[in-house]
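In structure tokens, the structure reads:
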């Protein structure tokens, strides 16, 4: 089979798998209403006092007056048109509510991901090349970072850098333009990035060390290739495959991490919206966020699977990456 | 098994000299924390719920309150000791449940093969792709607060950790001649799997369980920190940190930092143990193949 056809087959299979996953997840998100103890409408209203007309409207909106299949199809049809229903707390469109919260969450995730990538891979490369004492120090730093849960790093950062030293604000996302936003998001981004930083530096270290020991690096060195060219062309390029997989997993975990970090730092993002909606039993918002999260995870995982053979042609050929 | 254990030990002794010391320290700390939790009603100097507003927010080292007091004057040491109970028991429940589920699914996938394997493996891939913390938050949305639903959901979320490893080791082991010879001797498939294959997969399961325990502890503590886990008057380390949040912002961080340190040290020690177990097993495997 030619490369192009293999890739097309992979693409088709992956798209099919992604569609099945999203379908199953959406069934679960819709069906979870029926798993709730008691009458689903009462669970949905979460103890709020509603008029009989409002209850009837909810019953209709969620398809409880129809069969499960018909109700699901109607609901899913609305979701496909980005209609996630109306928030019970805010009385506003769920889609618009989530979009407005992305102003905080999107830069936060991007900030944290950049920190983790930059420092994680930087430390990995440094320790792989230097070895010895740097290597041992890095191992301690990386395993401590990996084991530090975001809520613990958040309170330590708050206690030391926000309250103790007063270098950073302790709550809120700021409203004075991009620089102010960046300043407000620095501590949250660090708290969120710490685990990913630790994981990346360990996986990166292992991948880089393995490549440095390989024969082709030795040959390149003996040919007189040295310094940056040796690292970028012969070491990093070959170590990309395992890193792409880990980076995909980390991006997904950063999205989940917003829930904790945004709550800890009092940020109005998607994560803190999810937490407040769960505790206020605002189910339409929870469903909307859950569905968007599922779609995001599936996209990231599919992208990783598709990028992998481009980075490492051996993966496309179906052979194991490492001999 | 009797053959591999001495080899494992010899390797550990020969390999890194410094490893055993950190391992001994990690084990000692975990035993200490478990004992503290177990004996909290006897050992704790105060009742964890005894408030005293005159003594609020005392710093660590205060007479009678070694680790200080929180914003309502409750003794932090006593609360950390009592908090250890739920903080450790709940993840233990998660690990035990996922152990049973993961081993069963992993062995079934490996032994049945074909479409059973394909469906189970794909299912585990899908569950694996979702962050466990998010699943557990969503479970609270459906089933309401409390720890029962989160424990069950986390057990399912961690099943692929165990299931995938068990499956791959069981496939490797299954290709070996000793299992075939048992089958030729007329033993049934179930008996061969449980009596002869399972013991050889056990070390991998134990190593993976240690790592899962650390993850589950963090997830459950995060859930309590978010106010969706344990309900008052019960408390774990996560809910203690959550209650200390306003004191931290007012410049008295100790009542929050202490349970935070407890979480951090416990997870570091559990990871050290799990990685050592996992490392010596993979070392053994690469040595043999």
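Chains as they are written, first to last, in our numbering: chain W, 1 to 323; chain R, 1001 to 1289. From the three backbone atoms N, C-alpha and C, an ideal C-beta is built for every residue, glycine too.
Hey, how far is the Cα of residue i from the Cα of residue j?
i                       : j                       : result
residue 1081 of chain R : residue 98 of chain W   : 40 angstroms
residue 1203 of chain R : residue 1277 of chain R : 8 angstroms
residue 18 of chain W   : residue 295 of chain W  : 9 angstroms
residue 169 of chain W  : residue 1247 of chain R : 16 angstroms
residue 153 of chain W  : residue 1218 of chain R : 12 angstroms
residue 75 of chain W   : residue 249 of chain W  : 30 angstroms
residue 49 of chain W   : residue 15 of chain W   : 44 angstroms
residue 1178 of chain R : residue 1199 of chain R : 13 angstroms
residue 1231 of chain R : residue 1222 of chain R : 14 angstroms
residue 1049 of chain R : residue 1079 of chain R : 8 angstroms
residue 1103 of chain R : residue 1205 of chain R : 8 angstroms
residue 139 of chain W  : residue 202 of chain W  : 7 angstroms
residue 13 of chain W   : residue 1119 of chain R : 15 angstroms
residue 1020 of chain R : residue 1272 of chain R : 11 angstroms
residue 302 of chain W  : residue 1126 of chain R : 12 angstroms
residue 1290 of chain R : residue 1151 of chain R : As shown, chain R starts at 1001 and ends at 1289. That puts residue 1290 of chain R outside it, with no answer to give.
residue 304 of chain W  : residue 297 of chain W  : 11 angstroms
residue 1172 of chain R : residue 1057 of chain R : 57 angstroms
residue 1117 of chain R : residue 243 of chain W  : 28 angstroms
residue 57 of chain W   : residue 282 of chain W  : 16 angstroms
residue 9 of chain W    : residue 1243 of chain R : 54 angstroms
residue 39 of chain W   : residue 167 of chain W  : 51 angstroms
residue 1077 of chain R : residue 1259 of chain R : 9 angstroms
residue 165 of chain W  : residue 158 of chain W  : 10 angstroms
residue 209 of chain W  : residue 228 of chain W  : 16 angstroms
residue 1145 of chain R : residue 1227 of chain R : 9 angstroms
residue 257 of chain W  : residue 149 of chain W  : 10 angstroms
Contact check, residue i vs residue j under 8 angstroms by CB: the rounded distance?
i                       : j                       : result
residue 189 of chain W  : residue 111 of chain W  : 4 angstroms
residue 87 of chain W   : residue 285 of chain W  : 5 angstroms
residue 272 of chain W  : residue 262 of chain W  : 4 angstroms
residue 1124 of chain R : residue 1148 of chain R : About 24 angstroms; that fails the 8 angstroms criterion.
residue 196 of chain W  : residue 78 of chain W   : Not quite, the Cβ-Cβ distance comes to about 35 angstroms (not below 8 angstroms), so this is no contact.
residue 351 of chain W  : residue 312 of chain W  : Since the displayed chain W opens at 1 and closes at 323, residue 351 of chain W lies outside it and no answer follows.
residue 184 of chain W  : residue 127 of chain W  : 32 angstroms between Cβ atoms; not a contact.
residue 116 of chain W  : residue 193 of chain W  : 4 angstroms
residue 215 of chain W  : residue 239 of chain W  : Rounded, the Cβ-Cβ distance is 15 angstroms, inconsistent with contact.
residue 82 of chain W   : residue 95 of chain W   : 5 angstroms
residue 247 of chain W  : residue 1256 of chain R : With a Cβ gap of about 32 angstroms, residue 247 of chain W and residue 1256 of chain R do not count as contacting.
Please state whether the Cβ-Cβ distance between residue i and residue j is less than 8 angstroms.
i                       : j                       : result
residue 1208 of chain R : residue 1140 of chain R : no
residue 245 of chain W  : residue 198 of chain W  : no
residue 66 of chain W   : residue 41 of chain W   : no
residue 289 of chain W  : residue 308 of chain W  : no
residue 1237 of chain R : residue 1083 of chain R : yes
residue 163 of chain W  : residue 1229 of chain R : no
residue 293 of chain W  : residue 1134 of chain R : yes
residue 11 of chain W   : residue 306 of chain W  : yes
residue 1142 of chain R : residue 32 of chain W   : yes
residue 137 of chain W  : residue 200 of chain W  : no
residue 171 of chain W  : residue 266 of chain W  : yes
residue 260 of chain W  : residue 1225 of chain R : yes
residue 1201 of chain R : residue 1170 of chain R : yes
residue 1154 of chain R : residue 1121 of chain R : no
residue 1073 of chain R : residue 1047 of chain R : no
residue 1241 of chain R : residue 151 of chain W  : yes
residue 182 of chain W  : residue 161 of chain W  : no
residue 1033 of chain R : residue 1216 of chain R : no
residue 1269 of chain R : residue 1030 of chain R : yes
residue 1163 of chain R : residue 1197 of chain R : no
residue 29 of chain W   : residue 287 of chain W  : yes
residue 237 of chain W  : residue 89 of chain W   : no
Hey, is residue i's beta-carbon within less than 8 angstroms of any beta-carbon in chain A?
i                      : result
residue 238 of chain W : In the displayed structure, chain A is absent; the protein chains listed are W and R.
Problem set entry | Whole runs of the beta strand (DSSP E) within the stretch 78-162 of chain W, excluding any shorter than 3 residues | Correct list: empty.
Exercise. Within the chosen definition, does the stretch 1095-1113 of chain R reach the stretch 221-237 of chain W through at least 3 CB pairs nearer than 8 angstroms?
Worked result: By the Cβ test, the stretch 1095-1113 of chain R is not in contact with the stretch 221-237 of chain W, since fewer than three Cβ pairs between them sit closer than 8 angstroms.
For this session: Check whether the stretch 1180-1187 of chain R touches the stretch 1068-1075 of chain R, taking contact to mean three or more Cβ pairs, one atom from each stretch, closer than 8 angstroms.
Result: Output reads no: the stretch 1068-1075 of chain R does not touch the stretch 1180-1187 of chain R.
Exercise. What are the start and end residues of each continuous alpha helix (DSSP H) run of 4 or more residues lying completely inside the stretch 1142-1169 of chain R, in chain order?
Worked result: If we require 4 residues or more, the stretch 1142-1169 of chain R turns out to have no alpha helix (DSSP H) run fully inside it.
Exercise. So does the stretch 1084-1092 of chain R actually touch the stretch 1031-1040 of chain R, counting three or more Cβ pairs closer than 8 angstroms?
Worked result: Short answer: they touch.
Problem set entry | At least three beta-carbon pairs within less than 8 angstroms, the stretch 1206-1213 of chain R to the stretch 1093-1101 of chain R | Between the stretch 1206-1213 of chain R and the stretch 1093-1101 of chain R there are three or more inter-stretch CB-CB distances shorter than 8 angstroms, so the stretches are counted as touching.
For this session: Scan the stretch 170-223 of chain W and note each continuous beta strand (DSSP E) run of 3 residues or more that stays entirely inside, going in chain order.
Result: Annotation note: the stretch 170-223 of chain W contains no uninterrupted beta strand (DSSP E) run of length 3 or greater.
Problem set entry | Segments assigned alpha helix (DSSP H), at least 4 residues, entirely inside the stretch 1204-1254 of chain R | Runs of alpha helix (DSSP H) with 4 or more residues, each lying fully within the stretch 1204-1254 of chain R, are found at 1237-1249, listed in chain order.
Exercise. Mind pulling the alpha helix (DSSP H) runs of 4 or more residues that sit fully within the stretch 247-291 of chain W?
Worked result: Fully enclosed alpha helix (DSSP H) runs of 4 or longer: 270-279.
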